[in-house]
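Engineer: To start, I am sharing the structure in question, which I have written as structure tokens.
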Amino acid sequence: MSAREILTALQRLRDAGHRLRRRPALETLDALASVLESWRNPDSQVRRTLRTEFADATGFSPEMVEAGMARALAGWTGDALRSLLDRELGGIDALEGSAHRNVSGFEVTSVLLAGSLPSPTLLGLLAPLLLRSPVLAKTSAHDPVTAGLVADSVAAADPELGACIEVTGFSGSDRECVEALLGADCVVASGSDQTIASVTARVQPPRRLVGYGHRLSVAAVAPDRPADSAARLAEDVALWDQLGCLSPLAVFVMDSDRGGAPAFAEELAEALADLEERWPRGPISTEASAAIKRERDEAEMRAAGGAPVRLHRGAGSSWTVVAEADSRIRPAPLHRFVRVQPVADITGLVESLTPVRHHLASVGVGGFDDRRRNLARALNQLGVSRLCSLGTMQAPPLSWCRDGRGVLLPLARLSDVNGAVFER
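Counting in the working numbering, the sequence shown runs from 723 upward without gaps.
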């Protein structure tokens, strides 16, 4: 699309939004619930397309796509969508103007997509529609397929609602197109911190900006059941080839005597080797391969110099586990490269994570038992927005408070209706 075509699309969507908001909100909710059910069905056309066209476009193996989607969408039901609306906004009555807090979406919402995972794109496009705000989505350079699939799914479920979502694609360096897209009443942007800062400078009130910058995740393990924890953590690492913001880059092992972390690293390496057979990693770029080699070589040099560091590796660059001697945050090349790092206690974990506290998304937890409450309190104060069991890091519920803000609330306009208004 050209800048002129984007402006025309925004006006077309505003017109469609006027019609949409005259319909009962329940019709839109039911249609979106139907979309979720079609995406959850492994035999649906959309899932077949993800296993073929999406896999070809992104480089994920078909086995990885199917495993990742099955895990991610397990709890994304129509009932979960209704519960999300109830929890964050007070239910369908709030959208109909018949509650003590009324809610509406913006006239039109632009969504600038980033990353290559399908489920964040799916939710990111359905959420404004639930508020009856039409959506113009810019596809991610890493995923040219998913946004179009979402639009097709919405149109198949409800043609009138389908007229309220359009998809465009253009280079991020095309300033005229970017400026046109940022002219929407609400702008949702995902990307690097630099991208979010650039968008923030150009989207000023009364327009709404909802920005999602760089995020990372880690795991924390008490080494009481290493084999069980390692097998579940390996799934979190391997799913989506470690390219999502919920993929753990490191695991911190509560290890006061410094013996548990190396043992856990061995268990994790065995589990990743097994998963490479079931969920083969996709091809990676020359630059990514070079980064993995550089970090492997650096770990071996430290080990040769006498540091208690041990490197476990798969064939080629398929997977890597580095058992570290300390808890210092180090570079993370991704693509199934994970560090196992010792910490003495919860206080030590917090100290280790403090340098990246502004970017923490999720912490996967294994073990801890009666210490979990203390761990949760400490990580909440650090700013972590999600704690979960190992093996579920890549499957957040619809109601996950992403960045601590919720799913629907950042996109909504709220007005309190006080008692006197209802008096006759």
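Positions of the beta carbon are idealized from the N, C-alpha and C atoms, including for glycine.
Taking buried to mean at least 16 other C-beta atoms within 10 Å of its own C-beta, is E1009 buried or exposed?
Structural biologist: On the sequence shown, position 287 is the one that residue 1009 refers to. Looking at its Cβ environment, which holds fewer than 16 other Cβ atoms inside 10 Å, E1009 is exposed.
Engineer: Write down the C-beta distance between P1002 and E788 rounded to the nearest angstrom, noting that I regard them as a contact closer than 8 Å.
Structural biologist: Translated into the one-based positions of the sequence shown, residue 1002 becomes position 280. Translated into the one-based positions of the sequence shown, residue 788 becomes position 66. That pair is no contact at about 12 Å.
Engineer: Could you tell me the alpha carbon to alpha carbon distance between Q926 and P1132, rounded to whole angstroms?
Structural biologist: Here residue 926 corresponds to residue number 204 of the sequence shown, with the count starting at 1. Here residue 1132 corresponds to residue number 410 of the sequence shown, with the count starting at 1. Cα to Cα, Q926 sits roughly 15 Å from P1132.
Engineer: Assign M976 to one of three DSSP states: helix, strand, or coil.
Structural biologist: Locating residue 976 in the sequence shown gives position 254, counting from the first residue. Residue state, collapsed to three classes: strand.
Engineer: Between A911 and G884, how many whole angstroms is the CB-CB distance? I'm expecting something under 8 Å.
Structural biologist: Mapped onto the sequence shown, residue 911 falls at position 189. Mapped onto the sequence shown, residue 884 falls at position 162. Contact doesn't hold; Cβ gap of about 24 Å is too wide.
Engineer: Quick check: A794 and S841, are their CB atoms within less than 8 Å of each other?
Structural biologist: Taking the sequence shown and counting its residues from 1, the one referred to as residue 794 is at position 72. Taking the sequence shown and counting its residues from 1, the one referred to as residue 841 is at position 119. Result yes, Cβ atoms of A794 and S841 sit closer than 8 Å.
Engineer: Could you tell me whether the Cβ atoms of V1087 and A960 are closer together than 8 Å?
Structural biologist: Taking the first residue of the sequence shown as 1, we reach residue 1087 at position 365. Taking the first residue of the sequence shown as 1, we reach residue 960 at position 238. For V1087 and A960, no; Cβs fall outside 8 Å.
Engineer: By the three-class DSSP mapping on this structure, what secondary structure does D874 have?
Structural biologist: As a working note, residue 874 is residue 152 in the sequence shown. If DSSP states are grouped into helix, strand and coil, D874 belongs with the helices.
Engineer: Pick helix, strand or coil for T890, following the three-state DSSP scheme.
Structural biologist: Counting from 1 along the sequence shown, the entry for residue 890 is found at position 168. Strand, per DSSP.
Engineer: Alpha helix (DSSP H) containing Q1063: first to last residue?
Structural biologist: Here residue 1063 refers to the residue found at position 341 when the sequence shown is read from its first residue. Not the alpha helix (DSSP H): Q1063 falls in the beta strand (DSSP E), residues F1059 to V1065.
Engineer: Do you know offhand how far L735's Cα is from D880's?
Structural biologist: On the sequence shown, position 13 is the one that residue 735 refers to. On the sequence shown, position 158 is the one that residue 880 refers to. Spanning the two alpha carbons is a distance of roughly 16 Å.
Engineer: Hey, could you find the ends of the beta strand (DSSP E) H740 is sitting in?
Structural biologist: Your numbering for residue 740 matches position 18 in the sequence shown. Segment A725 to L742 is the alpha helix (DSSP H) holding H740; no beta strand (DSSP E) there.
Engineer: Return the residue from the list S1040, V1044, A1013 and G1004 that minimises the CA-CA distance to E1022.
Structural biologist: Residue 1022 sits at position 300 when you count from the first residue of the sequence shown. Closest by alpha carbon: V1044.
Engineer: In the DSSP assignment, find the alpha helix (DSSP H) that holds N824 and state where it starts and stops.
Structural biologist: Translated into positions along the sequence shown, residue 824 becomes position 102. Here N824 belongs to no alpha helix (DSSP H); instead the beta strand (DSSP E) covers R823 to S826.
Engineer: Closest to L839 by C-alpha separation, out of L847, R726, L852 and M791, would be which residue?
Structural biologist: Taking the sequence shown and counting its residues from 1, the one referred to as residue 839 is at position 117. Of the candidates L847, R726, L852 and M791, the one whose C-alpha sits nearest the C-alpha of L839 is M791.
Engineer: Just checking my contact of A983 with P1055 at CB under 8 Å: how many whole Å lie between their CB atoms?
Structural biologist: In the sequence shown, the residue the question calls residue 983 occupies position 261. In the sequence shown, the residue the question calls residue 1055 occupies position 333. Actually they are not in contact, since the Cβ atoms of A983 and P1055 sit about 20 Å apart, beyond 8 Å.
Engineer: If we ignore side chains and look at the alpha-carbon of each, how far apart do L754 and R1135 end up?
Structural biologist: What you label residue 754 is simply residue 32 of the sequence shown in a count that begins at 1. What you label residue 1135 is simply residue 413 of the sequence shown in a count that begins at 1. L754 and R1135: Cα-Cα distance of roughly 20 Å.
Engineer: Which residue from S1011, G812, W1041 and A906 puts its Cα closest to that of E999?
Structural biologist: Taking the first residue of the sequence shown as 1, we reach residue 999 at position 277. The shortest C-alpha separation from E999 is found at W1041.
Engineer: Taking C-beta to C-beta, are F776 and V867 nearer than 8 Å?
Structural biologist: Locating residue 776 in the sequence shown gives position 54, where the first residue counts as 1. Locating residue 867 in the sequence shown gives position 145, where the first residue counts as 1. In this structure, V867 lies closer than 8 Å to F776 by Cβ.
Engineer: Taking just the CA atoms, how far does G800 sit from S1165?
Structural biologist: Outside the displayed span of the chain (723 to 1146) sits residue 1165, for which this structure offers no information.
Engineer: I need the DSSP call for V1072, collapsed to helix, strand or coil.
Structural biologist: Position 350 of the sequence shown holds residue 1072. Three-state DSSP puts V1072 in a helix.
Engineer: At which residues does the alpha helix (DSSP H) containing L903 begin and terminate?
Structural biologist: Walking along the sequence shown from the start, residue 903 turns up at place 181. Where L903 is concerned, the enclosing alpha helix (DSSP H) stretches over R897 to L903.
Engineer: Measure the C-alpha to C-alpha separation of V768 and A836 and round it to an integer number of angstroms.
Structural biologist: The sequence position of residue 768 within the sequence shown is 46, counting from 1. The sequence position of residue 836 within the sequence shown is 114, counting from 1. Distance between the alpha carbons of V768 and A836: 20 Å.
Engineer: Would you mind reading off the limits of the beta strand (DSSP E) that contains A859?
Structural biologist: Taking the first residue of the sequence shown as 1, we reach residue 859 at position 137. Its beta strand (DSSP E) spans residues V857 to K860.
Engineer: Report the start-end ranges of each alpha helix (DSSP H) in the stretch 905-961 that is 4 residues or longer and not cut off at the edges.
Structural biologist: If we require 4 residues or more, the alpha helix (DSSP H) runs fully inside the stretch 905-961 come out as 915-924 and 948-960.
Engineer: Using the DSSP secondary-structure output, state which residues sit across from P970 in a beta bridge.
Structural biologist: Position 248 of the sequence shown, counted from the first residue, corresponds to residue 970. DSSP, once it has assigned bridges, lists S939 as partnering P970.
Engineer: Reducing DSSP to helix, strand and coil, say where R745 ends up.
Structural biologist: Counting from one through the sequence shown, the residue named residue 745 turns up at place 23. Reduced to three states, the DSSP call for R745 is coil.
Engineer: Could you spell out the range, first to last residue, of the alpha helix (DSSP H) harbouring E799?
Structural biologist: In the sequence shown, counting from the first residue as 1, residue 799 sits at position 77. A small fix is needed here, since residue 799 is Thr in this sequence, not Glu. T799 -> no alpha helix (DSSP H), and no H or E assigned at all.
Engineer: Measure from the alpha carbon of L851 to the alpha carbon of each residue in V830, D778 and R1079, then state which is nearest.
Structural biologist: Taking the sequence shown and counting its residues from 1, the one referred to as residue 851 is at position 129. Checked all of V830, D778 and R1079; the closest Cα to L851 is V830.
Engineer: Within the chosen definition, does the stretch 915-930 reach the stretch 962-971 through at least 3 CB pairs nearer than 8 Å?
Structural biologist: Segments in contact, no.
Engineer: Taking the beta carbon of Q733 as the centre, do at least 16 other beta carbons fall within 10 Å, making it buried, or is it exposed?
Structural biologist: The residue you call residue 733 lines up with position 11 of the sequence shown. Exposed, by the Cβ-count rule.
Engineer: Who does R1032 pair with in a DSSP beta bridge?
Structural biologist: Numbered from 1 along the sequence shown, position 310 holds the residue referred to as residue 1032. According to DSSP, R1032 bridges with A1045.
Engineer: So which of D1019, Q1103 and D977 has the shortest CA-CA distance to S1049?
Structural biologist: Numbered from its first residue, the sequence shown carries residue 1049 at position 327. Selected option, being the one with the closest Cα: D977.
Engineer: For T750, name the three-state secondary structure that DSSP assigns.
Structural biologist: Stepping through the sequence shown from its first residue, residue 750 is reached at position 28. It is helical.
Engineer: By Cβ distance below 6 Å, which residues in the same chain neighbour A1100 in space, the five residues on each side in sequence not counted?
Structural biologist: Position 378 of the sequence shown holds residue 1100. So the list reads I1068 and V1072, once near-sequence residues are dropped.
Engineer: Is DSSP giving V833 helix, strand or coil here?
Structural biologist: On the sequence shown, position 111 is the one that residue 833 refers to. In this structure, V833 counts as strand in the three-state DSSP scheme.
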